[in-house]
Structures are given as structure tokens and as C-alpha cells.
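Colleague: Below: one structure in C-alpha cells.
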Amino acid sequence: METNEFSSAWKDSAKKAVELYVESGEKLGKMMLEWHEQSTSWAKKTMIGPLFEAQRNASRQLMESSADTARKLFGIANNGQ
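Residue numbering for the sequence shown is 381 to 461, as defined by the numbering used here.
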């Protein structure tokens, strides 16, 4: 195996690993946001309901922007959406 072939194979494998890592992190983040929504459903009609909603929205935005940044840095297509 030539150096270029080896380098290309390693690069493709590393890119795939990063892609799986980002996708797994995104799935876990979405699951945690769903769990947060379920566990705070009791507060929807209270004064702290909007606080929990704001937390979820901020977390969702942070998660999405982090995943998008990672995809851009590593040249990964967004297959999940």
C-alpha cells in the first residue's frame, strides 16, 4: 500500500469516526431534551414553566450550532436532516 493510499484510507476512516461521534452526540442531546421536557411537564402552567422552556431552547440552539460547527470543521455532510 502506497503512502497516499494509506493516508487516504486513514483520512476517510477518521472522518467517518468523527461523523458517527457527532451524530451520536446529537441523538443523545435530543434524547436529553425530550427527557427534560417530560420531567418538567408539571411546571408548564406555573411561573417557572417559561424558564424551563427557555433552558430547552437555549440548549437546542447550542447543540445544533455545535454540531453544525463540527460538521463544517471536518467537512461532514448533515445526513440527519
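No residue lacks a Cβ here, since even glycine has one placed at the ideal position from N, Cα and C.
Straight-line CA distance for Met411 to Glu382?
Modeller: For the purposes of this step, residue 411 is identified with residue 31 of the sequence shown, where counting begins at 1. For the purposes of this step, residue 382 is identified with residue 2 of the sequence shown, where counting begins at 1. Going from the Cα of Met411 to the Cα of Glu382 covers about 43 Å.
Colleague: May I ask you to report which of helix, strand or coil DSSP gives Gly429?
Modeller: Reading the sequence shown from its first residue, position 49 is the one you call residue 429. The answer is helix: DSSP assigns Gly429 an H, G or I state.
Colleague: Inspect the beta-carbon positions of Ala447 and Val402 and report whether they are closer than 8 Å.
Modeller: Residue 447 sits at position 67 when you count from the first residue of the sequence shown. Residue 402 sits at position 22 when you count from the first residue of the sequence shown. Cβ distance < 8 Å, so Ala447 and Val402 count as in contact.
Colleague: Under three-state DSSP, which class holds Ala389?
Modeller: Taking the sequence shown and counting its residues from 1, the one referred to as residue 389 is at position 9. It is helical.
Colleague: Drop a sphere of 10 angstroms on the beta-carbon of Arg440, count the other beta-carbons inside from all chains shown, and report buried for 16 or more, exposed for fewer.
Modeller: Here residue 440 refers to the residue found at position 60 of the sequence shown. It is exposed - the Cβ of Arg440 has fewer than 16 other Cβ atoms within 10 Å.
Colleague: Report, in whole angstroms, the separation of the C-beta atoms of Leu413 and Arg436, which I expect to be a contact under 8 Å.
Modeller: Counting from 1 along the sequence shown, the entry for residue 413 is found at position 33. Counting from 1 along the sequence shown, the entry for residue 436 is found at position 56. Rounded, the Cβ-Cβ distance is 6 Å, consistent with contact.
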